[in-house]
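Note that full-length UniProt numbering gives residue 295 to position 295 of the sequence shown, counting from 1, and the numbers run on in steps of one.
C-beta: ideal position from N, C-alpha, C; glycine also.
Only one structure is covered here, and it is reproduced in the block below.
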Amino acid sequence: MFNCKTYMDYPKSSIGNFAIALLLTGVVSLCLPSPFPTFQWPQPPTKALEVVPQDDLEAALSKASMPNKTVIITIVNKAYVEGDDTSMLDLFLESFWIGEGTREMAEHLLVVALDQTAFDRCIFRRLHCYKIVSEDGDMEGEKLYMSEDFIKMMWRRTLLLLRVLQRGYSFIFTDTDVSWLRNPFPRLTTNLTADLQISTDVFISSHRPEDNFINTGFYFVRSNNKTIALFQTWYAMKNNATGKKEQDVLSDLMRKGIFRELGLEVRVLHTLYFSGFCQDSKDFRAVTTVHANCCRSISAKVADLKAVHRDWRRFKAATATNKTVTDIDATTFRWSAHEGCFRAWNISINPGA
Numbered sequence: 001m002f003n004c005k006t007y008m009d010y011p012k013s014s015i016g017n018f019a020i021a022l023l024l025t026g027v028v029s030l031c032l033p034s035p036f037p038t039f040q041w042p043q044p045p046t047k048a049l050e051v052v053p054q055d056d057l058e059a060a061l062s063k064a065s066m067p068n069k070t071v072i073i074t075i076v077n078k079a080y081v082e083g084d085d086t087s088m089l090d091l092f093l094e095s096f097w098i099g100e101g102t103r104e105m106a107e108h109l110l111v112v113a114l115d116q117t118a119f120d121r122c123i124f125r126r127l128h129c130y131k132i133v134s135e136d137g138d139m140e141g142e143k144l145y146m147s148e149d150f151i152k153m154m155w156r157r158t159l160l161l162l163r164v165l166q167r168g169y170s171f172i173f174t175d176t177d178v179s180w181l182r183n184p185f186p187r188l189t190t191n192l193t194a195d196l197q198i199s200t201d202v203f204i205s206s207h208r209p210e211d212n213f214i215n216t217g218f219y220f221v222r223s224n225n226k227t228i229a230l231f232q233t234w235y236a237m238k239n240n241a242t243g244k245k246e247q248d249v250l251s252d253l254m255r256k257g258i259f260r261e262l263g264l265e266v267r268v269l270h271t272l273y274f275s276g277f278c279q280d281s282k283d284f285r286a287v288t289t290v291h292a293n294c295c296r297s298i299s300a301k302v303a304d305l306k307a308v309h310r311d312w313r314r315f316k317a318a319t320a321t322n323k324t325v326t327d328i329d330a331t332t333f334r335w336s337a338h339e340g341c342f343r344a345w346n347i348s349i350n351p352g353a
């Protein structure tokens, strides 16, 4: 799709001319200041990583990247870009529009397509797009939670993210069923030693990641040799994890001590800020993202995320006229019940509960 072109042709008639030109180039490079600025966070890897050609993935990453080689990545297939009324991708992009400080974040979003329909829709929306080419073929259609195709799709995702890290890019991975209501970067630690910051279904402890139910639907990874080793070890478990999704395998590795073994600094993100349907944030003033986790079908997720957006708009309308929201006022704002997701699990809803 994208080709690198050389815009300077060296003289071919004289070896002497070539040598002089090469010498002058070296002198100029020593005299001019470096075109690459120093960024505070996150830093590119300090050690040499895999040398890769300028292929489609590298081209897509470089276009979406922030100056410090950080990208936001989501993955979609046909089921996520099509819908009777509103698709999951539509809602995801809407959250960047209605969120606080999130519109500029969309400029650094790379949408990875698992099939041609999803790729075409991505191009139509004028986003940064990349299509996975795999021997397994396209992954069209809805993949129900824990189905064989769902698990296969999750492992394909893990392999792609490993390749992103190997190219020196740090990233936030976000499922498309995550609504971005505020810019998450202020809530992510600026500590350069933090290698992995990951969301959780239910927050239990900030001291030991192993005590939490981690969720790979939203996490930030800083590219370095330790995180590359983690993803390599993680993906290598694919063929010995029958019936387990990649998140379960990472949890197993975590509890066996791989974070300590690799010397990784890992931070679990509090659900007060990075919430989901498993455990709602209790404060609209603090919430940053809302993940439609603990939910089985796309239609249920779409219905309940629409309710999240309505709740968010209601909160924003109230604060637009009253900039100061007290603790007492904040308690009047509650998330709507996740009725669609309850029904998807065939769970009856008791309004009095």
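Find out if the Cβ-Cβ distance for the pair residue i, residue j is shorter than 7 Å.
i: V249; j: M237; result: yes
i: E246; j: W335; result: no
i: N215; j: D201; result: yes
i: I315; j: N293; result: Checking the sequence, you will find Phe at residue 315 rather than Ile. No.
i: L114; j: I132; result: yes
i: I204; j: Y219; result: no
i: V266; j: P209; result: yes
i: K63; j: A118; result: no
i: residue 365; j: A300; result: Because residue 365 is not part of the residues shown, which for the chain are 1 to 353, the question remains open.
i: I73; j: F150; result: no
i: L192; j: Y130; result: no
i: I75; j: R126; result: no
i: Y80; j: L159; result: no
Between residue i and residue j, what straight-line distance do the alpha-carbon atoms span, to the nearest angstrom?
i: L262; j: L162; result: 16 Å
i: Q116; j: S275; result: 32 Å
i: G82; j: R260; result: Checking the sequence, you will find Glu at residue 82 rather than Gly. The alpha-carbon atoms of E82 and R260 are separated by roughly 42 Å.
i: N68; j: A60; result: 15 Å
i: T288; j: D175; result: 14 Å
i: S297; j: D55; result: 35 Å
i: G26; j: R167; result: In this predicted model, G26 has a pLDDT of only 41, less than 50, meaning its place in the structure is not dependable; the value taken from the coordinates is given anyway. Going by the C-alpha atoms only, they are around 27 Å apart.
i: E100; j: M254; result: 33 Å
i: K282; j: T102; result: 21 Å
i: T233; j: T70; result: 23 Å
i: R285; j: N240; result: 43 Å
i: V112; j: D177; result: 14 Å
i: A307; j: E339; result: 10 Å
i: I258; j: F333; result: 40 Å
i: H207; j: F213; result: 14 Å
i: T271; j: F124; result: 34 Å
i: K47; j: T189; result: In this predicted model, K47 has a pLDDT of only 45, less than 50, meaning its place in the structure is not dependable enough to derive any value.
i: E104; j: K244; result: 36 Å
i: C122; j: H128; result: 8 Å
i: L93; j: R313; result: 15 Å
i: K256; j: A317; result: 47 Å
i: G217; j: T321; result: 34 Å
i: K152; j: T319; result: 44 Å
i: V268; j: M66; result: 24 Å
i: L49; j: L264; result: Caution is warranted here: a pLDDT of 49 is assigned to L49, below 50, making its placement in the model unreliable, and no coordinate value can be reported.
i: P44; j: D211; result: Residue placement at P44 cannot be trusted, given a pLDDT of 45 that sits under 50; what the coordinates show is reported in the next sentence. Cα-Cα distance, rounded: 30 Å.
i: N346; j: C295; result: 11 Å
i: T242; j: N225; result: 28 Å
i: Y273; j: D120; result: 34 Å
How many whole angstroms separate the CB atoms of residue i and residue j, which I take to be in contact at a CB cut-off of 8 Å?
i: S223; j: L165; result: 5 Å
i: V290; j: L91; result: Going by Cβ atoms, the distance from V290 to L91 rounds to 11 Å, so no, they are not a contact pair.
i: S95; j: H309; result: 7 Å
i: D311; j: C341; result: Between C341 and D311 the Cβ distance is about 15 Å, and since that is not below 8 Å, they are no contact.
**Asked** So does the segment 229–236 actually touch the segment 175–191, counting three or more Cβ pairs closer than 8 Å?
**Response** no
**Message:** Within 8 Å, do at least three Cβ pairs link the segment 83–90 to the segment 101–108?
**Reply:** no
**Asked** Curious, which full-length alpha helix (DSSP H) runs of at least 4 residues does the segment 205–288 contain?
**Response** 225–236, 246–255, 258–262
**Request:** Identify every run of the alpha helix (DSSP H) within the segment 69–136, keeping only runs that are complete inside it and at least 4 residues long; order them along the chain.
**Result:** 78–81, 88–98, 116–124
**Prompt:** Which runs of the beta strand (DSSP E) spanning at least 3 residues fall entirely within the segment 148–187, listed in chain order?
**Reply:** 170–174, 178–180
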